[in-house]
Amino acid sequence: MTLLEVDGIDVAYGDVQVIWDVSFSVSEGETVALLGANGAGKTTVLKTICGPLAPSAGTITFHGEPIGDLEQDEVVPKGVTHIPEGRDIFTESTVKENLRLGAYTNPDGMADQFERVYDVFPRLEERRGQQAGTLSGGEQQMLAIGRGLMSDPDLILLDEASLGLAPVLVEDVFDAIERINEEGTTVLLVEQDVNNALHIADRGYVLESGRLTLSGDAADLAEDERVAASYLGG
């Protein structure tokens, strides 16, 4: 069953259009990768889905309900969580305080979600009283993902989860994303690490200069030379 449907959206920053006629879908239980080089428009698409931006044309529906004109604080309670590039954690607060803030739309389920997050990321439980700004980069990324899980979302939008991490930590993060999906949360993954993204994804889309140019099963895209070419601008 289709969970998210993006249909023919155009997006602009002021008078400058950056997304043209983009359409794609995400079904319940899938991990879908949105791939492309820097500046391709991937982050803009996520921001348009979750509220900070609105499409100038086209529609976005979630669970069959239009959400394209909603603000972010209206989208989150419907079951969409956005984990942005750069993590945006509260560095002066503890790990547990950061996680608690993620449950503001789900106060009744907070205890269960703490248990789930600590099960996926045992390191966060070990450091639950530690100031978030003192965590390593990998641990901060785990915290950002964990905070997103605290709202018990149906769909997680993950923006460059592996960016800037050491290879061993990249593997840990992708393992965690795979597990979160296996436990029932649908994932839309924006990622420059093509190999790892397509390894855990069911399907993928390639964005170039604000336009979708390729789509298909993840295994097929992993073998498609045009995917690598899109990162080199040709």
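Quick note on the working numbering: the sequence shown kicks off at 132 and runs consecutively.
Where a beta carbon is used, it is the ideal one built from N, C-alpha and C, also for glycine.
{"query": "Proximity to residue 211 [Cα-Cα], best of 344, 217, 233 and 361", "result": "233"}
{"query": "Rounded C-alpha distance that separates residue 140 from residue 261", "result": "42 Å"}
{"query": "Beta-ladder partner(s) of residue 156, from DSSP", "result": "136"}
{"query": "Nearest-angstrom Cα separation, counted from residue 320 out to residue 284", "result": "15 Å"}
{"query": "contact_flag[the stretch 132-152, the stretch 166-186] where n(CB pairs < 8 Å) is 3 or more", "result": "yes"}
{"query": "Residue 231 - DSSP class collapsed to helix/strand/coil", "result": "helix"}
{"query": "Distance CB(residue 198)-CB(residue 206) smaller than 7 Å", "result": "yes"}
{"query": "Alpha-carbon spacing of residue 75 relative to residue 172, whole angstroms", "result": "Outside the displayed span of the chain (132 to 365) sits residue 75, for which this structure offers no information."}
{"query": "The stretch 303-318 / the stretch 334-341 touching (three or more Cβ pairs under 8 Å)", "result": "no"}
{"query": "Assigned secondary structure, residue 365 (DSSP; H/G/I helix, E/B strand, else coil)", "result": "Note that residue 365 scores a pLDDT of 47, beneath 50, so its modelled location is shaky; the value from the coordinates is reported in the next line. Looking at residue 365 - three-state DSSP - the assignment turns out to be coil, as it is neither helix nor strand."}
{"query": "Residue from 312, 281, 314 and 323 whose Cα sits closest to the Cα of residue 296", "result": "323"}
{"query": "Helix, strand or coil at residue 277 according to DSSP, with G and I counted as helix", "result": "helix"}
{"query": "Distance, residue 213 Cα to residue 158 Cα", "result": "17 Å"}
{"query": "Spatial distance of residue 225 from residue 193 (CA atoms)", "result": "33 Å"}
{"query": "Nearest-angstrom Cβ-Cβ length linking residue 343 and residue 155, presumed shorter than 8 Å", "result": "7 Å"}
{"query": "Unbroken stretches of the alpha helix (DSSP H), 4 residues or longer, contained in the stretch 167-246", "result": "173-181, 203-206 and 226-232"}
{"query": "Nearest-angstrom Cβ-Cβ length linking residue 135 and residue 286, presumed shorter than 8 Å", "result": "6 Å"}
{"query": "Range covered by the beta strand (DSSP E) that runs through residue 334", "result": "334-339"}
{"query": "Length-filtered (3 minimum) beta strand (DSSP E) runs lying within the stretch 287-360", "result": "317-322, 334-339 and 342-348"}
{"query": "Between the CA atoms of residue 230 and residue 245 - distance to the nearest angstrom", "result": "8 Å"}
{"query": "Cβ separation of residue 203 and residue 217, assumed to be a contact under 8 Å, to the nearest whole Å", "result": "At roughly 16 Å, the Cβ-Cβ gap does not stay under 8 Å, so residue 203 and residue 217 are not in contact."}
{"query": "7 Å Cβ cutoff met for residue 252 and residue 268", "result": "no"}
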